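First comes the structure, then the notes that go with it.
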Amino acid sequence: MNWNCILERVAQTESTNDDLMARWRSRELIDPVSRLAKHQTKGKGRAGRQWFAEPNSSLSFSLAYPFNQPQQFLHGLSLVCGLAVIQGISKSLGLDEMSLRQHGLSLKWPNDLLINERKLGGILIEGGKLSSSNANERVWMIIGIGMNLTHSKALENATQLPISALSELNQKHMPMEADLVWLAIL
Numbered sequence: 010m011n012w013n014c015i016l017e018r019v020a021q022t023e024s025t026n027d028d029l030m031a032r033w034r035s036r037e038l039i040d041p042v043s044r045l046a047k048h049q050t051k052g053k054g055r056a057g058r059q060w061f062a063e064p065n066s067s068l069s070f071s072l073a074y075p076f077n078q079p080q081q082f083l084h085g086l087s088l089v090c091g092l093a094v095i096q097g098i099s100k101s102l103g104l105d106e107m108s109l110r111q112h113g114l115s116l117k118w119p120n121d122l123l124i125n126e127r128k129l130g131g132i133l134i135e136g137g138k139l140s141s142s143n144a145n146e147r148v149w150m151i152i153g154i155g156m157n158l159t160h161s162k163a164l165e166n167a168t169q170l171p172i173s174a175l176s177e178l179n180q181k182h183m184p185m186e187a188d189l190v191w192l193a194i195l
């Protein structure tokens, strides 16, 4: 990480995105903040969908980041975030990105992370400007990332979708600790 960012870890929250969105709306954000939850109870996905996360089996975090450019220039942000996640996975597992692709890791526009067409995780981006009349106000984007670290039968039953987990790519048997993956992505 080559920029200043406040790192926060909490045991439990409903949604890391909602936590940071509330702080943005109340104008409490000054510097970038990333918030990791060990257990997220009401995670969110795109279009009002729910993101299911099992404690100790998933990575749930959000990043509040200020941009000094108009929001209309941030259309490719989810793709950039997806590429950053792949780089972080590469770092945390000690595998190059080509090997990860060969083992089925991919991005699906606009926000899905997949392993062999099964859902590994997703990216949710919210935010903007609070006041359209203030030209000097920065655009804040809240970027939420959820990822399955290990398989969970309860998660598979809850989603009723084919899911995957980062542990499938862990050929070197690196520790699957949420903190390590979180920091590698940042």
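Mapped onto my numbering, the consecutive letters of the sequence shown carry residue numbers 10 to 195. From the three backbone atoms N, C-alpha and C, an ideal C-beta is built for every residue, glycine too. On a predicted model such as this, the values are computed, not experimentally measured, just so you know.
The beta carbon of residue 71 is closer than 6 Å to those of 25, 26, 29, 44, 151, 153 in its chain, skipping five residues each way along the sequence. When secondary structure is reduced to three states using DSSP, residue 113 falls in the coil class, being assigned neither helix nor strand.
Following the DSSP letters along the chain, one finds residue 49 in no alpha helix (DSSP H) but inside the beta strand (DSSP E) bounded by residues 42-49.
Counting only the Cα atoms, residue 62 lies some 10 Å from residue 165. DSSP places residue 191 in the helix class (H, G or I) of the three-state scheme.
In the three-state reduction of the DSSP assignment, residue 139 falls in the coil class.
The C-alpha of residue 57 lies about 30 Å from the C-alpha of residue 101. For the pair residue 129 and residue 81, the Cα-to-Cα distance works out to about 29 Å. Selection 60, 90, 75, 37 evaluated against residue 155 yields 60 as nearest (Cα-Cα). Residue 91 sits in a helix when the DSSP states are folded into three classes. For residue 50, the number of other beta carbons within 10 angstroms of its own is below 16, and it is reported as exposed. In the three-state DSSP reduction, residue 105 falls in the coil class, being neither helix nor strand.
A check of alpha carbon separations from residue 42 across 52, 65, 125, 16 identifies 16 as the nearest. The segment 146-194 contains, as complete beta strand (DSSP E) runs of 3+ residues, the segments 148-157 (chain order). Around the CB of residue 53, 16 or more other CB atoms lie within 10 Å, so the residue is classed as buried. In this structure, the alpha-carbon of residue 121 lies about 34 Å from that of residue 143. For residue 68, no alpha helix (DSSP H) run applies; the uninterrupted beta strand (DSSP E) run containing it begins and ends at 67-76, by DSSP. Residues of the same chain with a CB within less than 6 Å of the CB of residue 18, apart from the 5 flanking positions on each side, are 45 in chain order.
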